[in-house]
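A.B. asks: For the sequence shown, the residue numbers in the working numbering are 68 to 700. We put the CB at the ideal spot given by N, CA and C, even for glycine.
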Amino acid sequence: MSYTEFYQQSVNDPQAFWGREAERIDWQTPFSQVLDDSRSPFNRWFVGGTTNLCHNAVDRWAAVQGDAAALIAVTTETPDAEPRERVYSYRELLREVETTAAILQSLGVSRGDRVLLYMPMIPEAVFAMLACARIGAIHSVVFGGFASNSLASRIDDAKPKLIVSTDAGSRGGKAVPYKPLLDEAIRIAEHKPEHVLLVNRGLAAMDTVGGRDVDYAQLREQHREASVPVTPLESNEISYILYTSGTTGKPKGVQRDVGGYAVALASSMETIFCGKRGETFFCTSDIGWVVGHSYIVYGPLIAGMATILYEGMPTRPDGGIWWRLVEKYRVTRMFSSPTAIRVLKKQPSELMRQYDLSSLKSLFLAGEPLDEPTSAWIAGELNVPIIDNYWQTETGWPILSIARGLDDRPTRLGSPGVPMPGYRVKVISEATGEECAPNEKGVLAIEAPLPPGCMQTVYGDDERFVKTYWSTFKRPLYSTFDWGIRDADGYHFILGRTDDVINVAGHRLGTREIEESICSHPNVSEVAVVGVEDKLKGQVAVAFVVPKRADALTTAESRAALQAEIMGTVDKQLGAVARPAQVHLVNLLPKTRSGKLLRRAIQAVCEGRDPGDLTTIEDPASLEQIRGAVQGA
Numbered sequence: 068m069s070y071t072e073f074y075q076q077s078v079n080d081p082q083a084f085w086g087r088e089a090e091r092i093d094w095q096t097p098f099s100q101v102l103d104d105s106r107s108p109f110n111r112w113f114v115g116g117t118t119n120l121c122h123n124a125v126d127r128w129a130a131v132q133g134d135a136a137a138l139i140a141v142t143t144e145t146p147d148a149e150p151r152e153r154v155y156s157y158r159e160l161l162r163e164v165e166t167t168a169a170i171l172q173s174l175g176v177s178r179g180d181r182v183l184l185y186m187p188m189i190p191e192a193v194f195a196m197l198a199c200a201r202i203g204a205i206h207s208v209v210f211g212g213f214a215s216n217s218l219a220s221r222i223d224d225a226k227p228k229l230i231v232s233t234d235a236g237s238r239g240g241k242a243v244p245y246k247p248l249l250d251e252a253i254r255i256a257e258h259k260p261e262h263v264l265l266v267n268r269g270l271a272a273m274d275t276v277g278g279r280d281v282d283y284a285q286l287r288e289q290h291r292e293a294s295v296p297v298t299p300l301e302s303n304e305i306s307y308i309l310y311t312s313g314t315t316g317k318p319k320g321v322q323r324d325v326g327g328y329a330v331a332l333a334s335s336m337e338t339i340f341c342g343k344r345g346e347t348f349f350c351t352s353d354i355g356w357v358v359g360h361s362y363i364v365y366g367p368l369i370a371g372m373a374t375i376l377y378e379g380m381p382t383r384p385d386g387g388i389w390w391r392l393v394e395k396y397r398v399t400r401m402f403s404s405p406t407a408i409r410v411l412k413k414q415p416s417e418l419m420r421q422y423d424l425s426s427l428k429s430l431f432l433a434g435e436p437l438d439e440p441t442s443a444w445i446a447g448e449l450n451v452p453i454i455d456n457y458w459q460t461e462t463g464w465p466i467l468s469i470a471r472g473l474d475d476r477p478t479r480l481g482s483p484g485v486p487m488p489g490y491r492v493k494v495i496s497e498a499t500g501e502e503c504a505p506n507e508k509g510v511l512a513i514e515a516p517l518p519p520g521c522m523q524t525v526y527g528d529d530e531r532f533v534k535t536y537w538s539t540f541k542r543p544l545y546s547t548f549d550w551g552i553r554d555a556d557g558y559h560f561i562l563g564r565t566d567d568v569i570n571v572a573g574h575r576l577g578t579r580e581i582e583e584s585i586c587s588h589p590n591v592s593e594v595a596v597v598g599v600e601d602k603l604k605g606q607v608a609v610a611f612v613v614p615k616r617a618d619a620l621t622t623a624e625s626r627a628a629l630q631a632e633i634m635g636t637v638d639k640q641l642g643a644v645a646r647p648a649q650v651h652l653v654n655l656l657p658k659t660r661s662g663k664l665l666r667r668a669i670q671a672v673c674e675g676r677d678p679g680d681l682t683t684i685e686d687p688a689s690l691e692q693i694r695g696a697v698q699g700a
């Protein structure tokens, strides 16, 4: 079946289409209804059916290909940077997951309880995710190394019964202690977990809290022969919560279901990613992000593939490490980001060319727009299709891409592609609310119902779900908050965000969240943070700060001191990933006469563009200050 036929079936008759796609996974109990959209946008998929993510990812393959590789755990975060690798077969993975499930149950975790994972890219993190899925607990993975304040806000929102963590992660061979950050987060948080389960890697000393902290290794020995049956879950029960930056400064908990997610991933692994049972998939993301959930852990395993879990940098011990893994494990499909490829582009070409990459059939990229030089370079080096794709934490799998599993539709430079099955993508005029003509700029939106696998709601806040995503237009349309255009052939092009969420090397950061952090500094009066185009990272955060005390602006030393303190404040509260690339100190910020900050004008000046219509600006000199600060940097 061609892409066009497949896609049209998905939007013209979603009940019949997704009913067929649901046959890709195992169901313990058949569903009675494919789609219940009676309370749209709170749609329910595969109503009444029971299934389990862990069963579909592990058990069913352990029964038929138990000795086949399932999880390939690689770390280069060793003192000598030499890779350490451990391959778990499906049978071995099942044993580790059952053991971890027994540990969770021994600590009082049961169906519906939340378990927060604050972990690096180590096998125990995957065991814990799958163990939660196995027993019906709801996991929430927080990117390892997140600062205490950010972690505390997620603890208070999810209210986990248990937190799973470790002594430390590692970056560039240097330990990044997690336990002190976690202890501080628990101290700050109003909600206190009953237990903290700790994996001791021997990287950093740990102070343990009696009665609360328990050792993973000891409990693993006690439960290593445990048998924990799969808990069948109704399709619409919650599988996990994954937090993404919000425009209010409060993170949004994206709530995902069980059955719809499993079906969507099973479908996408074949139709989009062309994954075949027994092959090896290498996604270079992190399990703290949605790409890691969908295409490191669940997607490849549901497809019966081996998946590589990689801890380390793409240039350690050298820029050839990823290609070495492609050769060794005969990787057929690879998923990375334009930022990572731009980093590798700077490495000597022989680091790639010394390896046999003939197994690789395609490279998928996502996270931020793919630029022409990067695409052309990597395509020339690998001589395989380079396939962009566009999606969000909220959707769980690609909105736009090229479905090479269906036909050989060509890619188009600058475009992530065409709508994937079930996504009724529209480009809507902000002025009229009507659909735009081809090549006319508008807001990318999706008609209800969203396909299976997309978010159910904002965890614990249905009102915020509707207000945030479904209230931009006069009719029921999901807003992606991205500008876009659609050409005459149906290819879409993404032009940037409409809200204040920026994309730094694939990490979505709320500028409001960064602003609130900077404002907590005692010598900050006002602040504006904007996302500025960056050749390496896609975007970076740039802050413009008005100090409370004018003496901070008098000398180069006083300016540098305040800038360093502001950077340190963001590091402490939000983590280094949110640290602005630059902090500029100014006397005033450009505002309208009504007091609204002209963030778009600030961004335009930073990027060397025309700031546009400034008829509403209160003081034109304020924008000149911005221009002077940028030019003087």
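Return yes when the Cβ of Gly500 is within less than 8 Å of the Cβ of Lys703, no when it is not.
C.D. replies: Because the chain here runs from 68 to 700, residue 703 falls outside it and cannot be looked at.
A.B. asks: Could you tell me whether the Cβ atoms of Leu309 and Val325 are closer together than 8 Å?
C.D. replies: Cβ atoms of Leu309 and Val325: not closer than 8 Å.
A.B. asks: In this structure, what does DSSP give as the bridge partners for Trp550?
C.D. replies: The partner list for Trp550 (beta bridge, DSSP) reads Val510, Gly563.
A.B. asks: Please state whether DSSP places Phe340 in a helix, a strand or coil.
C.D. replies: Residue state, collapsed to three classes: coil.
A.B. asks: Three or more C-beta pairs closer than 8 Å, one from the segment 490 to 500 and one from the segment 547 to 564: is that the case here?
C.D. replies: Counting Cβ pairs under 8 Å, three or more are found: they touch.
A.B. asks: Going by DSSP, what residue range makes up the beta strand (DSSP E) through Ile305?
C.D. replies: Ile305 -> beta strand (DSSP E) spans 305 to 311.
A.B. asks: Would you list the one or two residues that DSSP bridges to Trp112?
C.D. replies: Answer is Leu102.
A.B. asks: With Asn570 as the anchor, note down where its beta strand (DSSP E) starts and where it stops.
C.D. replies: Note, Asn570: beta strand (DSSP E), 568 to 571.
A.B. asks: Helix, strand or coil, according to DSSP, for Val410 in the structure here?
C.D. replies: It is helical.
A.B. asks: Count the other CB atoms, across all protein chains shown, that sit within 10 Å of the CB of Arg753; report buried if there are 16 or more and exposed otherwise.
C.D. replies: The first residue shown for the chain is 68 and the last is 700, placing residue 753 beyond what the model contains.
A.B. asks: Please report the Cβ distance between Val34 and Val612, rounded to the nearest whole angstrom; I am assuming they are in contact, meaning their Cβ atoms lie under 8 Å.
C.D. replies: Past the boundaries of the shown model lies residue 34; the chain is included only from 68 to 700, so the question cannot be answered.
A.B. asks: So does the segment 373 to 381 actually touch the segment 138 to 156, counting three or more Cβ pairs closer than 8 Å?
C.D. replies: Yes: at least three Cβ pairs fall under 8 Å.
A.B. asks: Which term fits Asn79, buried or exposed, when burial requires 16 or more other beta carbons within 10 angstroms of its beta carbon?
C.D. replies: Flag for Asn79 reads exposed.
A.B. asks: Counting pairs of Cβ atoms below 8 Å between the segment 361 to 370 and the segment 560 to 576, do you hit three or more?
C.D. replies: No, because fewer than three Cβ pairs between the segment 361 to 370 and the segment 560 to 576 fall closer than 8 Å, the two stretches do not touch.
A.B. asks: In chain order, what residues of the same chain have a beta carbon less than 6 Å from the beta carbon of Ile408, not counting five sequence neighbours either side?
C.D. replies: So the list reads Thr441, Ile445, once near-sequence residues are dropped.
A.B. asks: Assuming the contact rule is C-beta atoms closer than 8 Å, Leu46 and Leu229 should be a hit. Round their C-beta distance to whole Å, please.
C.D. replies: The question about residue 46 has no answer here: the residues shown for the chain are numbered 68 through 700.
A.B. asks: Go to Arg238, then tell me how far its beta strand (DSSP E) extends in each direction, as first and last residue.
C.D. replies: 235 to 238 is the span of the beta strand (DSSP E), which, as asked, contains Arg238.
A.B. asks: Between the Cα of Ser105 and the Cα atoms of Thr406, Ala515, Ala204, Asp282, which residue gives the shortest distance?
C.D. replies: When each option's Cα is compared against that of Ser105, the closest is Ala515.
A.B. asks: Nearest CA to the CA of Ala470: which residue from Ser173, Glu461, Ser429?
C.D. replies: The shortest C-alpha separation from Ala470 is found at Ser429.
A.B. asks: Answer with buried or exposed for Gly179, where buried requires no fewer than 16 other C-beta atoms within 10 angstroms of its C-beta.
C.D. replies: The residue is exposed, with fewer than 16 neighbouring Cβ atoms inside 10 Å.
A.B. asks: Helix, strand or coil for Ser538, going by three-state DSSP, please let me know.
C.D. replies: In the structure shown, Ser538 sits in coil (DSSP, three-state: anything other than H, G, I, E or B).
A.B. asks: With DSSP collapsed to three states, give me the class of Arg287.
C.D. replies: Residue state, collapsed to three classes: helix.
A.B. asks: In angstroms, rounded to a whole number, what distance separates the CA positions of Gly481 and Ser546?
C.D. replies: So the two alpha carbons sit approximately 21 Å from each other.
A.B. asks: Using only CA atoms, which one of Gln640, Lys602, Glu502 lies nearest to Cys586?
C.D. replies: Of the candidates Gln640, Lys602, Glu502, the one whose C-alpha sits nearest the C-alpha of Cys586 is Gln640.
A.B. asks: Looking at the structure shown, is Gly635 part of a helix, part of a strand, or coil, going by DSSP?
C.D. replies: Three-state DSSP puts Gly635 in a helix.
A.B. asks: Give every residue of the same chain whose Cβ lies closer than 6 Å to the Cβ of Gly489, excluding the five residues on either side of it in the sequence, and list them in chain order.
C.D. replies: For Gly489, where only same-chain residues beyond five positions count, the Cβ hits under 6 Å are Ser77, Pro518.
A.B. asks: Within the segment 645 to 669, note down every full beta strand (DSSP E) run reaching 3 residues or more, in order along the chain.
C.D. replies: Correct list: 649 to 652.
A.B. asks: Measuring alpha carbon to alpha carbon, tell me which residue in Trp94, Glu152, Thr460, Tyr558 is nearest Arg479.
C.D. replies: When only C-alpha atoms are compared, the closest one is Tyr558.
A.B. asks: What first and last residue would you give for the alpha helix (DSSP H) that runs through Phe213?
C.D. replies: Segment: none, Phe213 is in no alpha helix (DSSP H) and carries neither H nor E.
A.B. asks: Cutting at 6 Å between CB atoms, please list the residues of its own chain near Asp601, excluding the five before and the five after it.
C.D. replies: These residues qualify, in order along the chain: Val607.
A.B. asks: Starting from the C-beta of Lys246, find all residues in its chain whose C-beta is less than 6 Å away, skip the five residues before and the five after it, and write them out in chain order.
C.D. replies: Only Asp234, Met273 meet the Cβ criterion.
A.B. asks: Can we say the segment 326 to 336 touches the segment 201 to 220, given the rule of at least three CB pairs closer than 8 Å?
C.D. replies: Output reads no: the segment 201 to 220 does not touch the segment 326 to 336.
A.B. asks: Using beta carbons (cut-off 8 Å, strictly below), is Glu593 in contact with chain D?
C.D. replies: Considering every chain present, this structure includes no chain D. It has just one protein chain.
A.B. asks: Using only CA atoms, which one of Asp475, Thr71, Ser69, Ala214 lies nearest to Ala256?
C.D. replies: Comparing Cα-Cα distances from Ala256 to each of Asp475, Thr71, Ser69, Ala214, the minimum goes to Ala214.
A.B. asks: Quickly, what does DSSP pair Ala136 with across the bridge? List them, please.
C.D. replies: BP columns for Ala136 point to Ser156.
A.B. asks: What three-state label does DSSP hand Gln692 in the structure shown?
C.D. replies: Reduced to three states, the DSSP call for Gln692 is helix.
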